[in-house]
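First residue of the sequence shown? That's 44 in our numbering, and the numbers climb one at a time after it. Where a beta carbon is used, it is the ideal one built from N, C-alpha and C, also for glycine.
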Amino acid sequence: MKQDIYIKNKKAYFEYHILDKYVAGIQLLGTEIKSIREGKANVNDAFCTFIGNQLYIRNLHISEYSFGSFYNHEAKRDRVLLLNKKELKKLLTRGEEKGLTIIPLALFISERGFAKVEIGLAQGKKTFDKRETMKERDTKIEMDRAMKR
């Protein structure tokens, strides 16, 4: 069961410094996983938050399944992320620190066919850090062009 679904959050690496990465399962409905397998999901505006002792992902947009009937799902609903207790406790303590947030980096299908979310503990960048990132990217592109010549 080979799936090439890997939906990235491109804004995350530009807006944040990523400190830690985790891979979490996601609790989905049947029509949601079918839409993800079609590649109809968007993680750009999504973020993670704790409600009680569970970690939820919010604003994850999964389009309605085209062949779904009245069983279809809501496009933007809160979904539970599945991590073990040790990882949840670590994220809860680190996430409460000032300036740190939990953001989704990518949504993908694992080898076993399950939907997984790569989440990261992140710290927001300042505007001068963003300019540095743009300069580094531009110099890398220029070096790649020079190497091709």
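Item, Value
"ARG155: first and last residue of the uninterrupted beta strand (DSSP E) it sits in", "Premise fails: ARG155 is in no beta strand (DSSP E) and is neither H nor E."
"Segments of 3+ residues assigned as beta strand (DSSP E) that fall wholly inside the stretch 99-167", "122-125, 143-152, 158-167"
"Residues near THR74 by beta carbon distance below 8 Å, same chain, minus five either side", "GLU107, TYR108, GLY111, TYR114, ASN115, HIS116"
"Inter-residue Cα distance where the pair is ILE61 and ALA89", "16 Å"
"Own chain partners of LEU125 with C-beta closer than 8 Å, once the 5 adjacent residues on each side are dropped", "ALA67, GLY68, ILE69, GLN70"
"Beta-carbon proximity check, TYR59 vs ALA165, cutoff 8 Å", "yes"
"Option in GLN97, ARG122, ASP181 with minimal Cα separation from LEU134", "GLN97"
"Three-pair Cβ contact test at 8 Å for the stretch 179-188 versus the stretch 137-157", "no"
"ASP88 beta carbon near the ligand FAD (any heavy atom closer than 7 Å)", "The model depicted lacks the ligand FAD and carries no ligand whatsoever."
"Top-ranked residue by Cα proximity to VAL86, from LYS132, PHE93, TYR49, LYS77", "TYR49"
"Minimum Cβ-Cβ distance from LYS133 to chain C less than 8 Å", "Absent here is chain C; the protein component of the structure consists of one chain."
"Assigned exposure category for ILE94 - 16 Cβ within 10 Å defines buried", "exposed"
"Backbone secondary structure at ALA67 - three-state DSSP", "strand"
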